[in-house]
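Add 18 to a position in the sequence shown, counting from 1, and you land on the number used in my numbering. Heads up: the structure comes next, in structure tokens.
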Amino acid sequence: MKKAHFNQQLGILGGGQLAQMLCQSAQRFGYQVKVLGKSIEEPAAAVTPHFIEADANNPEHLKKFLQGLDCATFESEFMDAELLAKVSREVKVPIFPRPQHMAKIQDRRTQKELLNIYKIPTATWVTVDTFQDLERAEKDLGFPYVLKTRRFGYDGYGTKVVKNKKQQKKIQEDPWSDSGYIAEKFIPFKREVAIMIARNHNGELAHFPWVESFQKDSRCLWVKGPLKKTPGLSKLRKKLSRFIDDIGYVGVIGIEAFDTGKELCINELAPRVHNSGHYSQDALNESQFDLHIRSIFNLELKDPRILTPGFAMYNLLGSKNGNTMKRQVPAGMNLHWYSKKELRQGRKMGHINAVASSPGKALKLLEAFRKDFEI
Ligand SMILES: Nc1ncnc2c1ncn2[C@@H]1O[C@H](COP(=O)(O)OP(=O)(O)O)[C@@H](O)[C@H]1O
Ligand SMILES: [Mg+2]
């Protein structure tokens, strides 16, 4: 007989803010949650007494943590996917999204290959394994092109725009990434857009609205939405749904895309909850964290209801001027603070959500507040 909901145990690999918010959502559903993190100082440790300080890439630690759980998930795709698959089989505890999907998506090259198999548009790209390959990138793509490490890239770390021969030469002086690179055509986008989609074991899907996301220094600063439906966005969403369904994906997936005004192409996928979906905590009837929990435990899934004509999210990044909140959070705005012990410049310390009668108005509210919000 299937175990009662309230006795089921979820394990979360990783202890950062995504794990923290996933943990809170799973707890509301009634699941018991255990978290494996690097240090008790991490955000998720603040929301569960079952925080285990361990190394998820250590087979013994991982085995001990997973044993007896009903299922596990993760907050970052940059883990040893092969090890996860092996230990998961040994202890008979499934991990969702499946490690095989983590493995494909964590490497920008295999991720792009997968998208291309499904005829999902991406920027033209080439593999760069050696310095000589940079010349091939120049020949095939022209300047500027974007050089990206195959693995471990986030918030712009591992991404470089190469504008000319001089910059290309200079790359040879920098340390070469062990995982190799891909180079892709620079896309002169008008805006960046994003969408989250969830899929459960039964193949039910839930779609979030398309949103616009704005990156400053390659790091997400704000998100606003919902975007007006266009034939291009609807068509791309359909293709993405088919792809997710066909590979048997389970969980929430974050998808970033470029919109040039004429064309849409996918930038990257994240097999997990994602910064561009944080608005859902206050603008939808169910958040991305809720839908991820629903998906991995195979609960019913439906498209979430959008509760407002406009919403926005602003990331609160650490500044060099110390940690002072000059003003209290105004009524009508929702602060989500991660309780990180250490403030570093550019570090994501929290985010704030607002709703309004249009996406632009919601963003304006946050921008006005943000001016006084020195962290
Ligand atoms: N091919 C491209 N053309 C133009 N801008 C790009 C391209 N690739 C990345 N960027 C810019 O750099 C940002 C970060 O790149 P991305 O591939 O999303 O890496 P990360 O994993 O660091 O988020 C993007 O959000 C976009 O603003
Ligand atoms: Mg990105």
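Heads up, the beta-carbon is just placed ideally off N, CA and C, and yes, glycines get one too. Because the structure is a prediction, the values reported are computed rather than measured.
Query, Result
"Per-residue burial, Met19 [other beta carbons within 10 Å of its own, 16 or more giving buried]", "Interpretation of Met19 is limited by its pLDDT of 45, a score under 50 that renders its predicted location unreliable; no figure is taken from the coordinates."
"Proximity test, Asn333 beta-carbon vs ligand 1 heavy atom, cut-off 7 Å", "no"
"Any 3 or more C-beta pairs closer than 8 Å across the segment 324-335 and the segment 268-288", "no"
"Counted within 10 angstroms of its Cβ, other Cβ atoms place Gly48 as buried (16 or more) or exposed", "exposed"
"Presumed contact (8 Å Cβ cut-off) between Ile189 and Leu152, rounded CB distance", "7 Å"
"Thr177 versus Cys238 - alpha carbon distance", "14 Å"
"Pairwise C-alpha distance: Gln38 and Tyr356", "8 Å"
"Contained beta strand (DSSP E) runs [length at least 3] in the segment 226-293, N- to C-terminal order", "229-234, 237-243, 269-277 and 282-288"
"Residue burial classification, Glu95 (beta-carbon count within 10 angstroms, cutoff 16)", "buried"
"DSSP-derived helix/strand/coil call for Thr91", "strand"
"Check whether Asn316 and Asn220 have beta carbons under 8 Å apart", "yes"
"Proximity below 8 Å, CB of Met214 to CB of Ile271", "yes"
"Beta-ladder partner(s) of Gln50, from DSSP", "Gln27"
"Through-space distance from His68 to Glu202, alpha-carbon basis", "43 Å"
"Residue span of the alpha helix (DSSP H) that contains Ala99, given as start and end", "Ala99 to Val109"
"Every unbroken alpha helix (DSSP H) inside the segment 290-352 [4 residues or more]", "298-301 and 306-314"
"Cα-Cα separation, Val65 to Phe161", "48 Å"
"Range of the contiguous beta strand (DSSP E) that encloses Lys203", "Tyr199 to Lys203"
"Ile205 CB to nearest heavy atom of ligand 1 below 7 Å", "yes"
"Cβ neighbour criterion (16 or more within 10 Å) applied to Asp277", "buried"
"Proximity test, Glu230 beta-carbon vs ligand 2 heavy atom, cut-off 7 Å", "no"
"N-terminal and C-terminal residue of the beta strand (DSSP E) that Ile70 is part of", "Phe69 to Glu71"
"Collapsed DSSP secondary structure at Thr128 in the structure displayed", "helix"
"Distance CB(Ile273)-CB(Ala212) smaller than 8 Å", "yes"
"Gln118 versus Val111, Arg126 and Leu102, residue with shortest Cα-Cα distance", "Leu102"
"Other residues of its chain near Asn75: CB distance less than 6 Å, five sequence neighbours each side excluded", "Asp98"
"Sequence-distant residues of its chain with Cβ nearer than 8 Å to Glu360 (five each side left out)", "Glu59"
"Asn285 beta carbon near ligand 2 (any heavy atom closer than 7 Å)", "yes"
"Span separating the alpha-carbon of Val180 from that of Lys208", "20 Å"
"Within 8 Å, strictly: CB atoms of Glu78 and Leu36", "no"
"Among Glu131, Leu133, Cys89 and Gly34, the one whose alpha carbon lies nearest that of Arg116", "Cys89"
"Span separating the alpha-carbon of Arg290 from that of Pro112", "16 Å"
"Any non-hydrogen atom of ligand 2 within 7 Å of Glu95 CB", "no"
"Integer-rounded CB distance, given that Gly336 should sit under 8 Å from Arg362", "5 Å"
"Nearest-angstrom Cα separation, counted from Phe83 out to Asp388", "This sequence places Arg at residue 388; Asp is not what is there. If you take the alpha carbons of Arg388 and Phe83, they lie about 40 Å apart."
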